[in-house]
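> The listed protein sequences correspond, in order, to chains A and B. Take any residue in the first sequence, note its place counting from 1, add 167, and you have its number in my numbering. Take any residue in the second sequence, note its place counting from 1, add 1, and you have its number in my numbering. For every residue, glycine included, the Cβ atom is placed at its ideal position computed from N, Cα and C.
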Amino acid sequence: MPDSTVVSLQHEEQHCPELLHHFADPQQQRDASSLGMWVFLATEVMFFGGLFCAYLIYRLKFFADFGAASKSIDATLGATNTAVLICSSLTVVVAVWAAQTARRTLLIGMLAVTMLLGFVFLGIKAVEYKDKFEEHHVPGASFSFDRVPIPGHPDQYANPQHAQLFFSLYFVMTGLHALHMVVGLGIFSWLLYAARKGRFTPEWHTPVEIGGLYWHFVDIIWIYLFPLLYLIDRHP
Amino acid sequence: MSGHSTSSPLKTYFVIWAALLAGTYVTYKVAFIDLHPFNAAIALTIASIKATLVALYFMHIKGASEKLTKMVVISALFFLLLLLGLTMTDYATRLWS
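1) Using the C-alpha atoms, what's the distance from LEU352(A) back to MET282(A)?
2) By the 10 Å Cβ neighbour count, where 16 or more other Cβ atoms means buried, how is THR258(A) classified, buried or exposed?
3) Between which two residues does the alpha helix (DSSP H) harbouring HIS320(A) extend?
4) Quick one, which of HIS383(A), TYR324(A), CYS220(A) and THR373(A) has its alpha-carbon nearest LYS51(B)'s?
5) Roughly how many whole angstroms lie between the Cα atoms of PHE233(A) and ARG226(A)?
6) Ends of the alpha helix (DSSP H) at CYS254(A)?
7) Are the Cβ atoms of LEU284(A) and VAL251(A) separated by less than 8 Å?
8) Taking DSSP as the reference, what is the three-state secondary structure of ILE100(B)?
9) Would ARG271(A) count as contacting chain C if we go by Cβ distances under 8 Å?
10) Below 8 Å, how does it come out for the segment 291-303 of chain A and the segment 208-228 of chain A: are there three or more Cβ pairs, yes or no?
11) Hey, quick one: how far does the alpha helix (DSSP H) through ALA44(B) stretch, first residue to last?
12) Should ALA44(B) be flagged as near chain A, meaning a C-beta pair shorter than 8 Å?
13) Look up PRO316(A) in the DSSP assignment and say whether it is helix, strand or coil.
14) I need the straight-line Cα distance from VAL16(B) to PRO316(A), nearest angstrom please.
15) Contact between the segment 264-272 of chain A and the segment 361-370 of chain A: three or more CB pairs below 8 Å?
16) Strictly under 8 Å for the Cβ-Cβ distance: is CYS220(A) near chain B by that measure?
17) For CYS254(A), which residues of its own chain have a beta-carbon under 7 Å away from its beta-carbon, when the five flanking residues on both sides are left out?
18) Determine, using beta carbons only, whether THR249(A) comes closer than 8 Å to chain B.
19) Please decide whether MET2(B) counts as near chain A, where near means a Cβ-Cβ distance under 8 Å.
20) Determine the direct distance from the alpha carbon of SER356(A) to that of MET277(A), and round the result to whole angstroms.
21) Please tell me whether ALA246(A) and THR25(B) are closer than 8 Å, where the distance is taken between their beta carbons.
22) Quick check: what's the CA-CA separation for VAL55(B) versus LEU332(A)?
23) Would you kindly work out how many angstroms separate the C-alpha atoms of ALA345(A) and THR94(B), rounded to a whole number?
24) Would you grab the beta carbon distance between PHE80(B) and MET213(A) for me? Rounded to a whole angstrom, and I think it's under 8 Å.
25) Would you call GLU301(A) buried or exposed, if buried means 16 or more other Cβ atoms sit within 10 Å of its Cβ?
26) Measuring alpha carbon to alpha carbon, tell me which of LEU274(A), ALA236(A) and LEU218(A) ends up nearest THR88(B).
27) Is the shortest distance between the beta-carbon of LEU22(B) and the beta-carbons of chain A less than 8 Å?
28) Starting from ILE75(B), trace the alpha helix (DSSP H) in both directions and tell me its first and last residue.
29) Please confirm whether VAL294(A) has its beta-carbon closer than 8 Å to some beta-carbon of chain B.
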């Protein structure tokens with residue numbers, strides 16, 4: 168019996184060189200990697216959750232001031248960035264499919280387009296931040312938000328202190344999200360490198376799947392950030 | 002995973018992509034119409050639908066993933082709701098005394 172076990176192990180290793188010794192089969196290894204990524208994403212939910220919670224508290228506390236501050240951000244840029252990220256999620260999921268079905272050229276192309284869209288997102292973000300710096304809406308010594316009317320009450324002005332709190336949350340939340348985008352671009356540049364070397368096969372392409380999960384998660388965070396930061400009290 | 006026919010998952014991906022873009026467009030347009038408290042409710046409902054679509058179809062929670070993964074996702078959502086729910090209960094009732 169031990170002989171046949173050794174033979175079958177050797178067979179497995181030859182069949183799938185990426186299979187590590189402590190896993191019974193490639194499927195178990197894949198499930199373990201995927202589960203590990205999901206546990207990491209659960210911690211990320213709590214990480215961003217704290218910020219969403221802080222946002223919720225102060226949005227309800229300084230309702231009108233947050234509306235006035237949100238109105239100063241360019242909603243069209245935010246909407247464009249949402250569309251850019253959704254398109255990049257599509258290219259990621261097509262890349263995973265290409266890896267599953269051994270389409271190497273398509274995989275390389277989709278990874279490259281994903282990265283391009285990631286850079287477009289960060290570029291639009293940079294334009295947005297530049298506007299905020301020029302308008303003195305960045306929290307700090309030169310912050311200024313004087314005589315900005317409250318939506319629905321043209322005769323009342325927003326409290327600059329409360330507006331500053333909105334912009335603090337805006338910069339921390341979008342900044343942390345942008346940092347995740349930068350990390351994602353790092354992961355995808357490695358995936359692109361490995362895909363060009365032909366390392367991914369239908370039997371083993373776990374990094375593409377795991378990297379894809381990360382990218383989609385960052386997309387989901389943005390899906391919530393967009394209405395919460397850009398689209399409150401927009402109506403005249 | 003490999004059991005699918007070659008074109009069927011791609012078609013699903015494109016349908017979900019179109020739905021996500023449509024959801025973004027509706028969110029953007031509705032924000033400029035005055036619906037009082039319903040503005041936030043509609044925006045967050047659409048965002049949640051979009052997030053669910055991404056998780057189910059793009060992150061393969063539907064179909065391919067095993068039960069343990071689903072449990073991790075549900076527990077993450079549960080603890081997020083616990084965080085938001087209990088904090089807001091505190092803030093909402095502070096003025097009662």
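Quick look at the numbers:
1) Start at 1 with the first residue of the first sequence, and residue 282(A) comes out as number 115. Start at 1 with the first residue of the first sequence, and residue 352(A) comes out as number 185. Going by the C-alpha atoms only, they are around 6 Å apart.
2) The count along the first sequence starts at 1 and reaches residue 258(A) at position 91. Buried, because 16 or more other Cβ atoms sit within 10 Å of the Cβ of THR258(A).
3) By one-based count along the first sequence, residue 320(A) stands at place 153. First-last for HIS320(A): 320-324, but that is the beta strand (DSSP E), not the alpha helix (DSSP H).
4) In the second sequence, the residue the question calls residue 51(B) occupies position 50. It is HIS383(A).
5) What you label residue 233(A) is simply residue 66 of the first sequence in a count that begins at 1. What you label residue 226(A) is simply residue 59 of the first sequence in a count that begins at 1. Whole-angstrom Cα-Cα distance: 6 Å.
6) As a working note, residue 254(A) is residue 87 in the first sequence. It spans 242-267 - the alpha helix (DSSP H) in which CYS254(A) sits, taken as one unbroken run.
7) As a position in the first sequence, residue 284(A) is number 117, starting the count at 1. As a position in the first sequence, residue 251(A) is number 84, starting the count at 1. The answer is yes: Cβ separation under 8 Å.
8) An answer regarding residue 100(B) cannot be provided, because it is not within the stretch 2 to 98 covered by chain B.
9) Structure shown: chain C not included; protein chains present are A and B.
10) no
11) Within the second sequence, the letter at position 43 stands for residue 44(B). Its alpha helix (DSSP H) spans residues 39-54.
12) For the purposes of this step, residue 44(B) is taken as the residue at position 43 of the second sequence. Closer than 8 Å to some Cβ of chain A, the Cβ of ALA44(B) qualifies, so yes.
13) For the purposes of this step, residue 316(A) is taken as the residue at position 149 of the first sequence. It is a strand residue.
14) Position 15 of the second sequence, counted from the first residue, corresponds to residue 16(B). Position 149 of the first sequence, counted from the first residue, corresponds to residue 316(A). Taking C-alpha positions only, VAL16(B) is separated from PRO316(A) by approximately 42 Å.
15) yes
16) For the purposes of this step, residue 220(A) is identified with residue 53 of the first sequence, where counting begins at 1. The C-beta of CYS220(A) comes closer than 8 Å to at least one C-beta of chain B.
17) Indexing the first sequence from 1 puts residue 254(A) at position 87. So the qualifying residues of the chain are LEU284.
18) As a first step, residue 249(A) is located in the first sequence; it is residue number 82 there, counting from the start. Yes, THR249(A) counts as interfacial toward chain B.
19) Stepping through the second sequence from its first residue, residue 2(B) is reached at position 1. Bear in mind that the predicted position of MET2(B) carries a pLDDT of just 45, short of 50, making it unreliable; the figure below should be weighed with that in mind. Judged by the 8 Å Cβ criterion, MET2(B) is in contact with chain A.
20) Position 110 of the first sequence, counting from 1, holds the residue named residue 277(A). Position 189 of the first sequence, counting from 1, holds the residue named residue 356(A). Whole-angstrom Cα-Cα distance: 12 Å.
21) Within the first sequence, numbered from 1, the residue matching residue 246(A) stands at position 79. Within the second sequence, numbered from 1, the residue matching residue 25(B) stands at position 24. Yes, they are a contact pair.
22) Within the second sequence, residue 55(B) is the residue found at index 54, counting from 1. Within the first sequence, residue 332(A) is the residue found at index 165, counting from 1. Spanning the alpha carbons of VAL55(B) and LEU332(A) requires a straight line of approximately 31 Å.
23) Taking the first sequence and counting its residues from 1, one reaches residue 345(A) at position 178. Taking the second sequence and counting its residues from 1, one reaches residue 94(B) at position 93. Their Cα atoms are separated by approximately 35 Å.
24) Position 79 of the second sequence, counting from 1, holds the residue named residue 80(B). Position 46 of the first sequence, counting from 1, holds the residue named residue 213(A). Indeed they touch by this definition, with Cβ atoms about 6 Å apart.
25) Looking up residue 301(A) in the first sequence gives position 134. Burial call: exposed.
26) Reading the second sequence from its first residue, position 87 is the one you call residue 88(B). Of the candidates LEU274(A), ALA236(A) and LEU218(A), the one whose C-alpha sits nearest the C-alpha of THR88(B) is LEU218(A).
27) Here residue 22(B) is taken as the residue at index 21 of the second sequence, counted from 1. Interface residue, yes.
28) As a working note, residue 75(B) is residue 74 in the second sequence. ILE75(B) -> alpha helix (DSSP H) spans 68-94.
29) As a working note, residue 294(A) is residue 127 in the first sequence. False, the Cβ-Cβ gap to chain B never drops below 8 Å.
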